[in-house]
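Undergrad: I have a structure I would like to understand better, so I am pasting it below and will then ask my questions one at a time.
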Amino acid sequence: MGHTWTLQKRIFKYTFYILITFILVSIIFLKTPKDMILGLIFGTAIGVLNFRLLSITLEKTASMGQRRMQVYATSQYLVRYIINGIVIFVGIRADYLNIIGVIIGLVLVKFVIVGSSILNHLLFSKNRFIRKEER
Amino acid sequence: MDAITGKELILACSAIGAGLAMIAGIGAGIGQGYAAGKGAEAVGKQPEAQGEIIKTMLLGAAVAETTGIYGLIIALILLFANPFV
């Protein structure tokens, strides 16, 4: 499955947990949560698949030359960009999907990555001044 | 010649705004290609660290893509779900 499969699994797991949290919050606080839930699920599914596509691209390009890799990575980025565009367009046009939910779902994977980095940094900063014997 | 109504002016400005918002995608694309090229160079210099290099590149590329998506969202909302009309 490549070098990054463990990392991907971890990110997918956290994304799923946060998706469940968002769904529960929308059920509690919104009057008509169905559109929001459908939008969240749709956006998250495409976001996760896009992330998987990105990882496949990067693993594939590791064996290429620098120049070829730049062209390949940029062309694959355009493919993902178009997919994102189609998803957002469908989210805007479809009445049964909430566009805010679709957008949150699309960037949920990125939130997880940034959030886990911040959390790791905070935990590292907290534990840095604790002596080994006190841990 | 007919005078331009307020709604038409807003629609025209929205189309220009959507075009300007799409510029955000260019930077992310160039940046990602450049980062991937540098990643290939790093793997060439240090092949034993390939796994770590790809992991770091994956996270960086995923986050870099976000700004492009934001621009795309603004452009599509201005075109198809304009809040000003």
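So the sequence lines, in the order shown, correspond to chains L and H.
Be aware that the first sequence starts at 1146, since it is given in my numbering, and climbs by one per residue.
Be aware that the second sequence starts at 13, since it is given in my numbering, and climbs by one per residue.
Built from N, CA and C at the ideal position, the CB exists for glycine as well.
1) For the region 42-67 of chain H, which residues have a CB atom closer than 9 Å to at least one CB atom of chain L, in sequence order?
2) If we ignore side chains and look at the alpha-carbon of each, how far apart do residue 1187 of chain L and residue 1178 of chain L end up?
3) If you drop the 5 nearest sequence neighbours on each side, which residues of the same chain put their C-beta closer than 7 Å to that of residue 61 of chain H?
4) Would you call the CB atoms of residue 66 of chain H and residue 1218 of chain L closer than 7 Å?
5) Of the choices H:24, H:76, H:91, H:88, whose alpha-carbon is the least far from that of residue 1252 of chain L?
6) Any beta carbon from chain L within less than 7 Å of residue 97 of chain H's own beta carbon?
7) Give me the residue from L:1210, L:1173, L:1249, L:1220 with the minimum Cα distance to residue 1232 of chain L.
8) Check each candidate in L:1158, L:1173, L:1261, L:1209 and name the one with the smallest Cα separation from residue 1190 of chain L.
9) Would you say residue 1218 of chain L reaches chain H, if we count a Cβ-Cβ gap shorter than 7 Å as a contact?
10) Skipping 5 residues on each side, what residues in its chain have a beta carbon closer than 8 Å to that of residue 1258 of chain L?
11) By Cβ distance, which residues of its chain are closer than 8 Å to residue 22 of chain H, with the 5 residues on each side in sequence left out?
12) What do you reckon, are the CB atoms on residue 58 of chain H and residue 1222 of chain L nearer than 7 Å?
13) In this structure, does DSSP put residue 94 of chain H in helix, strand or coil?
14) Is the region 1189-1205 of chain L in contact with the region 24-42 of chain H, if contact means three or more CB pairs nearer than 8 Å?
15) Tell me where the alpha helix (DSSP H) around residue 34 of chain H begins and ends.
16) For residue 1149 of chain L, tell me which candidate among H:46, H:30, H:70, H:15 has the shortest Cα-Cα distance.
17) To the nearest angstrom, how far is it from the Cα of residue 1227 of chain L to the Cα of residue 1169 of chain L?
18) Along the region 1177-1200 of chain L, where does the CB come closer than 7 Å to a CB of chain H? Name the residues.
19) By DSSP, does residue 1149 of chain L sit in helix, in strand, or in coil?
TA: Straight from the coordinates:
1) 42, 44, 45, 46, 47, 48, 49, 50, 51, 52, 53, 55, 56, 62, 63, 64, 65, 66, 67
2) 14 Å
3) none
4) no
5) H:76
6) no
7) L:1249
8) L:1158
9) yes
10) 1156
11) 94, 96, 97
12) no
13) coil
14) no
15) Looking at the DSSP string, residue 34 of chain H is not in any alpha helix (DSSP H), and its letter there is neither H nor E.
16) H:70
17) 31 Å
18) 1196, 1199, 1200
19) coil
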